[in-house]
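Asker: Just passing along the structure, written as structure tokens.
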């Protein structure tokens with residue numbers, strides 16, 4: 014089979030034939046940034062990031078995000094000045110809802126201006142409409158901030174270190190914050206009242222300042238011809254004008270910061286009823302220790318699905334993570350009576366409670382019932398939704414063994430850059446739970462590219478919201494590596510990823526069709542599969558934290574087991590990246606998977622095994638979206 018006739022190189026790289034949006038570098042005095050599709054990103058001075066992004070959001074009554082369409086774009090860039098204008102429009106089912114004109118500028122004084130001037134073209138309902146400013150976590154957490162309110166009174170505080178369950182600052186007219194002792198960032202807002210939320214609640218790597226305040230009832234009705242004007246002015250002082258630093262990526266190990274490699278699991282397929290022999294053999298070669306099986310007692314065939322899951326774990330030779338989705342209290346007894354005869358396969362149980370069972374005492378009684386029926390299984394509680402649900406309703410003492418939440422990178426935006434930015438955000442909920450949960454274990458289940466639900470509306474020429482064509486790409490292999498890095502380094506005990514087979518899986522299945530809007534051919538092996546395959550020999554490894562000045566370009570996962578070191582590297586960008594390994598002075602051999610080698614590896618694992626492993630010196634160069642597996646042996 015020749016994949017070149019089925020899937021283009023771009024699909025294998027990042028899941029789409031559409032070109033990636035250009036990132037245009039801009040300079041305003043001491044400040045550098047990039048412009049991308051109507052947004053300003055990565056506003057920084059030297060190596061200090063000051064603002065993550067400025068953009069406009071229109072969210073519908075279910076918090077769905079309208080996709081902007083940009084026209085009439087005009088860009089004027091001078092050495093110390095820039096001016097950008099464009100028109101942005103939002104459509105729903107080919108009907109124009111809202112459009113606005115943008116004015117974005119920056120000058121030699123370090124001043125940046127972003128203006129939205131818009132008008133409704135139809136009646137509609139919205140939960141949010143306006144400018145959003147994202148503030149980076151790593152350069153600001155714990156730093157001082159002063160808020161000026163509309164009445165000109167001031168409040169002084171700090172950016173939250175742990176994830177704040179509610180808005181840390183409200184009623185904002187302007188703010189000043191201090192990334193270091195000698196620098197100041199001042200931001201002034203007009204057109205509405207703004208407030209700040211901690212987006213780490215949704216595994217986004219930013220604090221977000223937005224309007225309108227959430228205490229105002231939503232959805233709000235917008236009438237045709239209603240006008241909206243907002244602006245944001247940023248003034249940066251205290252930084253000398255610097256050229257953008259040379260992008261040489263150095264991996265720095267932190268040998269004293271170690272954790273135990275988490276248990277890695279995979280979820281039972283929702284698209285296919287059974288696994289075939291080929292799929293079983295492929296999955297047995299991976300690092301999986303458990304198999305997530307979801308039981309929904311409201312589904313008439315849940316017992317049949319349970320029996321199929323039992324057949325699969327017997328041949329996969331792994332245990333079961335059982336996720337029970339309760340609607341009524343009495344359902345648990347029925348489920349336990351059915352599954353208890355096969356309790357030897359179950360090592361963990363997740364109890365998802367409905368609102369009617371929100372009482373701590375009610376939940377404790379159900380946990381104890383589970384322990385009575387299946388005493389060797391660990392019991393977990395939490396949410397199948399966002400970490401915010403746990404953070405705003407923190408569990409107290411109880412007999413449960415672990416806390417669980419799901420994670421995905423696309424709650425608020427859907428571009429590649431956002432997905433990579435949000436990798437680091439996965440560690441913050443883990444660290445926050447550790448601060449209040451009295452040594453309870455922390456599980457992430459499931460880890461996926463998108464949230465596991467379907468909004469009501471999508472057209473036939475679009476994928477359902479919970480699916481993502483990037484599932485088949487090298488980009489997602491790198492994203493998976495980055496996710497495992499941050500979750501493992503932060504001390505997560507268990508991570509359950511994707512599904513086995515299908516559009517949310519790591520294998521395509523027999524019914525895949527490369528000529529549909531989800532580009533996979535029958536029995537395709539998605540690139541992310543090989544990340545799990547490479548980890549199979551490191552199930553009992555120690556995780557050694559490592560860092561780089563360029564985490565948006567490269568992720569690195571360093572593992573040690575016995576006298577073996579394994580370093581997994583991923584390039585998240587469309588550019589070639591050179592990585593300095595001088596701080597890891599070992600005799601490394603490297604296997605690299607890139608555009609040239611993935612073509613055959615998605616057909617057969619034999620092609621992957623035949624990829625040449627070569628010795629490297631102190632540097633390695635990764636092509637776009639490539640990943641590399643480095644191995645070394647420690648001297649005895």
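In our numbering, the protein residues as written are 14 to 649.
Every residue gets a Cβ at the ideal spot worked out from N, C-alpha and C, and that includes glycine.
Helix, strand or coil: which one does DSSP assign to residue 149?
Answerer: Looking at residue 149 - three-state DSSP - the assignment turns out to be strand.
Asker: How close, in whole Å, do the beta carbons of residue 540 and residue 487 come, if the pair is a contact with beta carbons under 8 Å?
Answerer: That pair is a contact at about 5 Å.
Asker: Alpha carbon to alpha carbon, how far is residue 212 from residue 230?
Answerer: Those two C-alpha atoms are separated by around 21 Å.
Asker: Taking the DSSP output, what are the residues bridged to residue 628?
Answerer: 602, per the DSSP bridge assignment.
Asker: With DSSP run on the structure shown, which of helix, strand or coil describes residue 568?
Answerer: Three-state DSSP puts residue 568 in a strand.
Asker: Assign residue 273 to one of two classes, buried (16 or more other C-beta atoms within 10 Å of its C-beta) or exposed (fewer than that).
Answerer: Residue 273 comes out exposed.
Asker: Hey, how far is the Cα of residue 530 from the Cα of residue 480?
Answerer: Cα-Cα distance, rounded: 11 Å.
Asker: Here's the rule: buried if 16 or more other CB atoms are within 10 angstroms of the residue's CB, otherwise exposed. What is residue 406?
Answerer: Its Cβ having fewer than 16 others within 10 Å, residue 406 is exposed.
Asker: If you count every other CB in all the chains shown that lies within 10 Å of the CB of residue 502, and 16 or more means buried, which is it?
Answerer: With 16 or more Cβ atoms within 10 Å of its Cβ, residue 502 is classed as buried.
Asker: Pull up the distance between the alpha-carbon of residue 414 and that of residue 363, whole angstroms please.
Answerer: Cα to Cα, the separation comes out at about 10 Å.
Asker: Would you check if the distance between the CB atom of residue 643 and the CB atom of residue 580 is smaller than 8 Å?
Answerer: Yes.
Asker: Between the Cα of residue 65 and the Cα atoms of 53, 72, 73, 59, which residue gives the shortest distance?
Answerer: Of 53, 72, 73, 59, the residue nearest in Cα terms is 53.
Asker: In angstroms, rounded to a whole number, what distance separates the CA positions of residue 515 and residue 460?
Answerer: Straight-line Cα distance between these residues: approximately 15 Å.
Asker: In whole angstroms, what is the alpha-carbon distance linking residue 470 and residue 140?
Answerer: Below a pLDDT of 50, predicted positions are generally treated as unreliable, and residue 470, at 41, falls in that range; the measurement from the model is reported next regardless. Taking the straight line joining both Cα atoms gives about 17 Å.
Asker: Where residue 373 and residue 392 are concerned, what is the direct C-alpha to C-alpha distance, given to the nearest angstrom?
Answerer: Their Cα atoms are separated by approximately 15 Å.
Asker: State the DSSP-derived secondary structure class of residue 191, mapped to helix, strand or coil.
Answerer: Three-state DSSP puts residue 191 in coil, outside helix and strand.
Asker: Under 8 Å by Cβ, that's how I've got residue 188 and residue 200 pegged, so tell me the actual separation to the nearest angstrom.
Answerer: Confirmed, about 5 Å.
Asker: Pair every Cβ in the region 72 to 79 with every Cβ in the region 155 to 174, then say whether three or more of these pairs are closer than 8 Å.
Answerer: Counting Cβ pairs under 8 Å, fewer than three are found: no touch.
Asker: By DSSP's criteria, residue 510 is part of a beta bridge. Which residues make up the other side?
Answerer: Answer is 279, 460, bridged to residue 510.
Asker: How would you call residue 38, buried or exposed, if buried means at least 16 neighbouring beta carbons within 10 angstroms?
Answerer: Exposed is the call here.
Asker: Among the candidates 586, 320, 110, whose CA atom is the shortest distance from the CA of residue 262?
Answerer: The residue with the shortest Cα to Cα distance from residue 262 is 586.
Asker: Measuring CA to CA, which of 485, 464, 386 is closest to residue 477?
Answerer: Minimum Cα distance to residue 477 is reached at 464.
Asker: For the beta strand (DSSP E) that residue 664 lies in, which residues bound it at each end?
Answerer: This structure cannot speak to residue 664, because the chain is shown only from 14 to 649.
Asker: Pick from 184, 524, 426, 376: whose alpha carbon is nearest that of residue 367?
Answerer: Considering only alpha carbons, the answer is 376.
Asker: Measuring straight from C-alpha to C-alpha, what distance separates residue 306 and residue 447?
Answerer: Taking the straight line from one Cα to the other gives about 26 Å.
Asker: When you compare only the Cα positions, how much space is there between residue 468 and residue 397?
Answerer: The pLDDT assigned to residue 468 is 39, lower than 50, so where the model puts this residue is not dependable, and the model offers no usable value.
Asker: With H, G and I counted as helix, E and B as strand and the rest as coil, what does DSSP make of residue 551?
Answerer: Residue state, collapsed to three classes: helix.
Asker: Along the chain, where does the beta strand (DSSP E) that runs through residue 322 open and close?
Answerer: Premise fails: residue 322 lies in the alpha helix (DSSP H), 315 to 329, not in any beta strand (DSSP E).
Asker: List the residues that DSSP assigns as beta-bridge partners of residue 427.
Answerer: Residue 427 pairs with nothing; no bridge assigned.
Asker: Can you tell which of 81, 346, 330, 370 has the C-alpha that lies nearest to the C-alpha of residue 358?
Answerer: Of the candidates 81, 346, 330, 370, the one whose C-alpha sits nearest the C-alpha of residue 358 is 330.
Asker: Under 8 Å, do residue 117 and residue 144 count as touching if we go by C-beta distance?
Answerer: Against a cut-off of 8 Å, the Cβ pair of residue 144 and residue 117 comes out as no contact.
Asker: Go to residue 611, then tell me how far its alpha helix (DSSP H) extends in each direction, as first and last residue.
Answerer: From DSSP, the alpha helix (DSSP H) with residue 611 extends over 608 to 614.
Asker: Just confirm the distance between the C-beta atoms of residue 28 and residue 609, as a whole number of angstroms; I'd bet it's less than 8 Å.
Answerer: Going by Cβ atoms, the distance from residue 28 to residue 609 rounds to 18 Å, so no, they are not a contact pair.
Asker: If you follow the beta strand (DSSP E) that residue 48 is in, where does it begin and where does it stop?
Answerer: Counting along the chain, the beta strand (DSSP E) containing residue 48 begins and ends at 44 to 49.
Asker: Quick check on residue 505: buried or exposed, where buried means 16 or more other Cβ atoms within 10 Å of its Cβ?
Answerer: Counting Cβ neighbours within 10 Å, residue 505 comes out buried, since at least 16 surround it.
Asker: Answer yes or no: do residue 249 and residue 121 have a C-beta to C-beta separation smaller than 8 Å?
Answerer: No; because the gap between Cβ atoms is not below 8 Å, this pair is not in contact.
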